[in-house]
Each structure stands twice: as structure tokens, then as C-alpha cells.
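Below: the structure, in C-alpha cells.
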Amino acid sequence: MMQDFVLPDYKELNIINVLPSLLNLIQNKKSKIRSLEKFKGVDKAIVFLVDGLRLELLNSLLIKEFELEKITSVFPTTTASAITSFITCEEPIKHGIPEMIFYSRKFRNFVDLFNFSFAGEAQNSLYFHGIEEKDIIKVKTFFEKNAKSGIKFYSFLPYQLFNSAYTNMTTKGSLRNYFLDYVDLFQKLKNIVEERANPLTYVYFDNVDIAQHKFGVGSEEEKNEFLLFYSLLKKFLNKIKDTNTLIVLTSDHGQISMKGKVDLSNISLLDKFSLTNPYGSSRVMYFLIKESKLQKVQEFLEKKVGKKAFILTLEEAIKSKIFGTKKPSKEFLDRAGNLLLIAKNGWEFEHEKAYYYTHRFHGALTQEEVYVPLLANVF
Ligand SMILES: [Zn+2]
Numbered sequence: 270m271m272q273d274f275v276l277p278d279y280k281e282l283n284i285i286n287v288l289p290s291l292l293n294l295i296q297n298k299k300s301k302i303r304s305l306e307k308f309k310g311v312d313k314a315i316v317f318l319v320d321g322l323r324l325e326l327l328n329s330l331l332i333k334e335f336e337l338e339k340i341t342s343v344f345p346t347t348t349a350s351a352i353t354s355f356i357t358c359e360e361p362i363k364h365g366i367p368e369m370i371f372y373s374r375k376f377r378n379f380v381d382l383f384n385f386s387f388a389g390e391a392q393n394s395l396y397f398h399g400i401e402e403k404d405i406i407k408v409k410t411f412f413e414k415n416a417k418s419g420i421k422f423y424s425f426l427p428y429q430l431f432n433s434a435y436t437n438m439t440t441k442g443s444l445r446n447y448f449l450d451y452v453d454l455f456q457k458l459k460n461i462v463e464e465r466a467n468p469l470t471y472v473y474f475d476n477v478d479i480a481q482h483k484f485g486v487g488s489e490e491e492k493n494e495f496l497l498f499y500s501l502l503k504k505f506l507n508k509i510k511d512t513n514t515l516i517v518l519t520s521d522h523g524q525i526s527m528k529g530k531v532d533l534s535n536i537s538l539l540d541k542f543s544l545t546n547p548y549g550s551s552r553v554m555y556f557l558i559k560e561s562k563l564q565k566v567q568e569f570l571e572k573k574v575g576k577k578a579f580i581l582t583l584e585e586a587i588k589s590k591i592f593g594t595k596k597p598s599k600e601f602l603d604r605a606g607n608l609l610l611i612a613k614n615g616w617e618f619e620h621e622k623a624y625y626y627t628h629r630f631h632g633a634l635t636q637e638e639v640y641v642p643l644l645a646n647v648f
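All letters in the sequence shown, in the order written, are residues 270 to 648 by our numbering.
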């Protein structure tokens, strides 16, 4: 049914297996990601989740300090879906977060996850509607699931993201910290490495992703942003020599360069049979179509843009296992619409009435978006 796409490897080589692998290695157990097995018995681990870090960028740089492996993200390759997967170690078909903004049939409204509000409302408004965090992300974080492991979990977020409901939800069960810049971050990390305990530390930052959005995928600015981080990381590695600390760098998704836009506004058949506005992003759009007209709308879209996008019913998408291999959760079915548009190559989709993110360079299933780097070494 679908060609020219990469199916995420949910069994082994996936971002959902990174945190459990690191915990196992500290505990001298088998690693879920087999290539990390040689690091069994490390005392500490730090994982940097670098938003949008592309394999191609790393391939173009001479990285001598780490071994580079290719693993896969999840589908959709959006920040919200991938980070939720990374932190909860669950497939999107279980955690049910497709994007930062999505439609919920249950609430009959658009949820803005980052603001924890209905779309257009003030920040944190969901609390006033009696909706709790566990109604949005039902699955527990890795840190909560392993609270009894005896391992101390730390998380580090940029100061400007520290107080959002979403980052709060995705660091639950860890000792939360913020950092002002890389200098501040590495000073704080050094203090943790010097502890006698066996900590596992998670660090997230989005500077590389921001540079890609501002200046483009493959821009000098993107490269320099990463090199700025990397030069300070190298200094840090020198300072923590012989501490038996495993350092890992990975990413939530890759990025692809855009080659053109397709406008889906004012298509009468689509507008007439849609039960709500389209949502998602310019790379993956979700539609909720009147059930009796679903096939008709699918065939129409297939004819119109089938060369530039996959048009799948939710049922077909579930069968193809792109969202994961498990049984769909109630939350997933509530939010995933019933018809999907997944961009091929570098195509972007627009719709004037959509609640969505425009100018995304990721979200779909091309190899540039699905494959992410896994850099690892012990110091
Ligand atoms: Zn991202």
C-alpha cells in the first residue's frame, strides 16, 4: 500500500528504547538497543535529546568522540509525539499525542498541549474545565515507572521552557532543573557526575531546531548552533574523564528540505463532509470526515494529491503499524481523526481553516525524518 516510506522500528532501534537501555546498562543488565550492550556496567549516564538533530548534519561533521548509529523516531515524526514517546517509552498508538495541537472528539475541542488549554484560550485553561494532566497524557513517564529502581533521575530544560505544562508532564518523576545557557548546563552536569550516586540525566534543548526553522535545514546557522554546543561538550568530556559515565546524544526526529506547497483550502467536497477543521501540521494532516463519506473523500484526495501524499484512513494507518505495534488506546482513537494525509518527499500542505503548524520540516515518514542519530561513548 505505501512505498517510499520508512517504517519506524518499534522493536529495537527506536527512541522509545533509549532511556530503558541506559537504565539497564547502569544496572548491569541487558540493553534493549543491542549496540549499546558494550557499555554495560557504566556508573552514570547522561542523554542529550537535541531537538531536530539530523543524521545528515552529523555525517557532514567529523565526530571522533562517539560511535554513530542510526535509530528510528516514531510516527508522526513531530516534536510532541516523539518526545512523549521518548519520555514515556510508549508508541504513539498508546500515548495518543499526535501533535502539540489536536482535536479531541471527547472534549469536542482543539487541545493546545503546550499551553495546556483549548486552542485560543488562556494558558492552563484546561484546569478550569476540570481536565487534569492525566486526562491528556495517561501513560506514566519513564522516571515514574522506574521510581523504585534506586537510580536518581535528573532532567534539564532550557529556562524558557521550564514552566510549561507540557515540559512539566514530560519530566514527572525526575529532579527537575533548568539551565540558562550551555556554560550553566555543563557546570550543573559536572556537579552531578561528581556525586557518588549513579544518576541518569536527561537533557533537552531546541536551539538547533530553532536555527533550522529560522535559517533553513542545511544552513550555516544550523551547523554553527550544533558546533557551539559540541565544542563545549568536548571540554566537558575532558573534565569528566575516567568517571565511567556514558554520554549519549540523540534526537526526536530528523528534518527534510521543502520543495513546494499544496493548498487544500476551498475544496468543497472536503469542507462539506468534514466534521471539524483539519489539524496536525503541514507534513501530516488529520481529518475527521463524516463516516458515510469517508471513502468518497479519500478517493477524491487520492486523485488530487496522491502523487505528493499518502491518503490513508485511520484504519489503514493502524494496520500498517506506522503508529506502533500495540492495540490503539482510547486516547489515540479519540485524537487521530479518521483520515490522514502524510506528505511524500519535501511537500508541504496548507489549509486556511486548519488548526496546525505550518512550515514544518518533519512529521512524515521519509528517511530524512524517521532516521535519527544515536551517538554514544563512555568517558
Ligand atoms: Zn522536534
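Cβ atoms here follow ideal geometry from the backbone N, Cα and C, with glycine treated the same way.
May I have the straight-line CA-CA distance separating residue i from residue j, to the nearest angstrom?
i           : j           : result
residue 394 : residue 291 : 36 Å
residue 377 : residue 336 : 47 Å
residue 569 : residue 294 : 51 Å
residue 483 : residue 617 : 17 Å
residue 586 : residue 455 : 42 Å
residue 647 : residue 517 : 9 Å
residue 461 : residue 426 : 15 Å
residue 282 : residue 529 : 31 Å
residue 350 : residue 329 : 27 Å
residue 276 : residue 285 : 14 Å
residue 439 : residue 413 : 10 Å
residue 551 : residue 513 : 44 Å
residue 442 : residue 526 : 37 Å
residue 375 : residue 594 : 24 Å
residue 477 : residue 319 : 7 Å
residue 605 : residue 346 : 14 Å
residue 332 : residue 641 : 15 Å
residue 280 : residue 562 : 36 Å
residue 417 : residue 502 : 31 Å
Any chance the CB of residue i is under 8 Å from a heavy atom of ligand 1?
i           : result
residue 351 : yes
residue 310 : no
residue 348 : yes
residue 321 : yes
residue 475 : yes
residue 620 : no
residue 631 : yes
residue 628 : no
residue 398 : no
residue 478 : yes
residue 522 : yes
For the beta strand (DSSP E) holding residue i, just list the boundary residues, first then last.
i           : result
residue 445 : 444–448
residue 582 : 578–582
residue 612 : 608–612
residue 428 : Where residue 428 is concerned, there is no enclosing beta strand (DSSP E), given that its DSSP letter is neither H nor E.
residue 438 : Looking at the DSSP string, residue 438 is not in any beta strand (DSSP E); the run it does join, the alpha helix (DSSP H), is 434–438.
residue 642 : 640–647
residue 337 : 336–341
residue 550 : 548–550
residue 381 : 378–381
Give a yes or no on whether the minimum CB-CB distance between residue i and chain B is below 9 Å.
i           : result
residue 309 : The structure shown contains no chain B; it is built from a single protein chain.
Excluding the 5 residues flanking residue i on each side, which residues of the same chain have their C-beta closer than 7 Å to its C-beta?
i           : result
residue 383 : 369, 433 and 435
residue 408 : 357, 359, 363 and 364
I'd like the span of the alpha helix (DSSP H) that includes residue i, first residue to last.
i           : result
residue 360 : No alpha helix (DSSP H) contains residue 360, which DSSP labels as neither H nor E.
residue 396 : 394–397
residue 573 : 563–574
residue 412 : 411–414
residue 499 : 489–508
residue 328 : 324–329
Who are the near neighbours of residue i in its chain, counting only those whose CB is closer than 6 Å to its CB and skipping five residues on each side?
i           : result
residue 385 : 393, 395 and 434
residue 372 : 379, 545 and 548
residue 342 : 284, 351, 522, 639 and 641
residue 534 : 620 and 621
Which same chain residues end up closer than 8 Å to residue i when comparing Cβ atoms and leaving out the 5 residues on each side of it in sequence?
i           : result
residue 297 : 309 and 310
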